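Residue 289 in my numbering sits at position 286 of the sequence shown; the count goes up by one each step and never skips. Below is one structure, written out as structure tokens; comments come after it.
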Amino acid sequence: MKKPILTLGRVVLTLLVVTLAAVVVWRMVMYYMYAPWTRDGHIRADIVQIAPDVSGLIQKVEVTDNQPVHKGQVLFTIDQDRFRLALRQAQATVAERQETWEQARRENRRNRGLGNLVAREQLEESQSREARALSALGESKVAVDAAQLNLDRSVIRSPVDGYLNDRAPRDHEFVTAGRPVLSVVDAASFHIDGYFEETKLDGIHVGQGVDIRVIGDNARLTGHVVSIVAGIEDRDRSSGSNLLPNVNPAFSWVRLAQRIPVRIAFDDVPADFRMIAGRTATVSIIDDTQEGTR
4 MKKPILTLGR VVLTLLVVTL AAVVVWRMVM YYMYAPWTRD GHIRADIVQI APDVSGLIQK
64 VEVTDNQPVH KGQVLFTIDQ DRFRLALRQA QATVAERQET WEQARRENRR NRGLGNLVAR
124 EQLEESQSRE ARALSALGES KVAVDAAQLN LDRSVIRSPV DGYLNDRAPR DHEFVTAGRP
184 VLSVVDAASF HIDGYFEETK LDGIHVGQGV DIRVIGDNAR LTGHVVSIVA GIEDRDRSSG
244 SNLLPNVNPA FSWVRLAQRI PVRIAFDDVP ADFRMIAGRT ATVSIIDDTQ EGTR
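Put into structure tokens, the structure is as follows:
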């Protein structure tokens, strides 16, 4: 009598284990297929390229490679001798044209005071000379402002708080106006770009909480969905030679879901976490109902 009972118990236990395993496998498959999560997440940041507004030899570099910097901090200085000379020359021109204008003004006043003793043409000429001198004086003052601006902009400062990217320039290098010399990673712009399959977008909404696990780090980071991109490139369509759409043939039994970028902002980041743009992460959207029950 005991043997059939034992056999029945083993069968029931086996069925329970198999059922439990099937439920676990089914839930894992459903989570993998439909839950809004992705391993294709990347830390991103705005990279600010630093280009001088004036050309010249670098006189002194104040920073080193990969150094943290603050907004307004001096990065390097371009040789200022030429700009100081240009400023002094512009200031001398102002003094000269100031004297020319004052002389023209005195002559014009004297001619007007003589009344009919001065020919009309001579009076008009003195008035015109004063006006031209005043215009030239104003132009020279603008030149002083431009020379001062060039001198000020020979000192290159960081526009944001952040980190120098890879390489700082070296002393005595020649830099060209408008050509980037170095770049700064904006510390305030770090975020996550998660690339989710389009089949999972129904479970993603702006404002939802996000669990972030960065590869190679055990720290738990949290964030929230900021935005979902409004368009991606259609790689299956291009323009033909006659401007008609050139669409690649598709096989109906093979349909790969497109990956849609989702912008995620950080909320809680451990103080010792090393934030590096380009690191990969696993991103999981926190279900609103689950979050409300916590």
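From the three backbone atoms N, C-alpha and C, an ideal C-beta is built for every residue, glycine too. As the structure is a prediction and not an experimental result, all values here were calculated from the model.
Quick check: what's the CA-CA separation for residue i versus residue j?
i: residue 183; j: residue 128; result: 52 Å
i: residue 40; j: residue 285; result: 7 Å
i: residue 215; j: residue 281; result: 14 Å
i: residue 134; j: residue 154; result: 31 Å
i: residue 88; j: residue 104; result: 24 Å
i: residue 217; j: residue 225; result: 11 Å
i: residue 102; j: residue 175; result: 41 Å
i: residue 113; j: residue 132; result: 13 Å
i: residue 297; j: residue 10; result: Confidence at residue 297 is low in this model, with a pLDDT of 41, below 50, so its placement is unreliable and no value can be given for it.
i: residue 156; j: residue 141; result: 23 Å
i: residue 143; j: residue 93; result: 7 Å
i: residue 283; j: residue 26; result: 31 Å
i: residue 110; j: residue 149; result: 31 Å
i: residue 18; j: residue 24; result: 10 Å
i: residue 220; j: residue 43; result: 16 Å
i: residue 13; j: residue 278; result: 54 Å
i: residue 237; j: residue 290; result: 30 Å
i: residue 22; j: residue 205; result: 30 Å
i: residue 235; j: residue 52; result: 26 Å
Since residue i and residue j are thought to touch, with beta carbons under 8 Å apart, how far apart are those beta carbons, to the nearest angstrom?
i: residue 56; j: residue 171; result: Actually they do not touch by this definition, with Cβ atoms about 18 Å apart.
i: residue 167; j: residue 83; result: Wrong, their Cβ atoms sit about 23 Å apart, outside the cutoff.
i: residue 240; j: residue 249; result: 7 Å
i: residue 260; j: residue 181; result: Actually they do not touch by this definition, with Cβ atoms about 43 Å apart.
Residue range of the beta strand (DSSP E) that residue i falls in?
i: residue 225; result: 223-231
i: residue 62; result: 59-64
i: residue 258; result: It is not in any beta strand (DSSP E) - residue 258 carries neither H nor E in the DSSP assignment.
i: residue 158; result: 158-160
i: residue 167; result: 165-167
i: residue 52; result: 50-53
i: residue 41; result: 40-47
i: residue 216; result: 212-217
i: residue 279; result: No beta strand (DSSP E) contains residue 279, which DSSP labels as neither H nor E.
i: residue 185; result: 185-189
i: residue 298; result: This structure does not reach residue 298, given that the chain is present from 4 up to 297, and the question cannot be answered.
i: residue 80; result: 77-81
Cutting at 7 Å between CB atoms, please list the residues of its own chain near residue i, excluding the five before and the five after it.
i: residue 199; result: 39, 41, 207, 262, 263, 265
i: residue 73; result: 161, 164
i: residue 188; result: 48, 50, 165, 166, 168, 280
i: residue 20; result: none
i: residue 145; result: none
One question on the structure: do residue i and residue j come within less than 7 Å of each other, judged by their Cβ atoms?
i: residue 159; j: residue 86; result: no
i: residue 213; j: residue 194; result: no
i: residue 151; j: residue 246; result: no
i: residue 202; j: residue 58; result: no
i: residue 190; j: residue 276; result: no
i: residue 139; j: residue 100; result: yes
i: residue 50; j: residue 186; result: yes
i: residue 97; j: residue 64; result: no
i: residue 211; j: residue 267; result: no
i: residue 95; j: residue 136; result: no
i: residue 45; j: residue 196; result: yes
Below 6 Å CB to CB, which residues in the same chain sit around residue i once its five sequence neighbours on both sides are set aside?
i: residue 209; result: 228
i: residue 273; result: 222
i: residue 130; result: 111
i: residue 192; result: 48, 49
For the ligand SAM, I want to know if residue i counts as a neighbour, meaning its beta carbon is within less than 6 Å of at least one of the ligand's heavy atoms.
i: residue 147; result: This structure lacks the ligand SAM; in fact it carries no ligand of any kind.
For residue i, collect the residues of the same chain with a Cβ closer than 8 Å to its Cβ; drop the 5 residues on either side in sequence, then sort them by chain order.
i: residue 76; result: 65, 66, 160, 161
i: residue 61; result: 79, 80, 81, 82, 172, 173, 174, 175, 176, 177, 178
i: residue 232; result: 263, 264, 265, 266
i: residue 15; result: none
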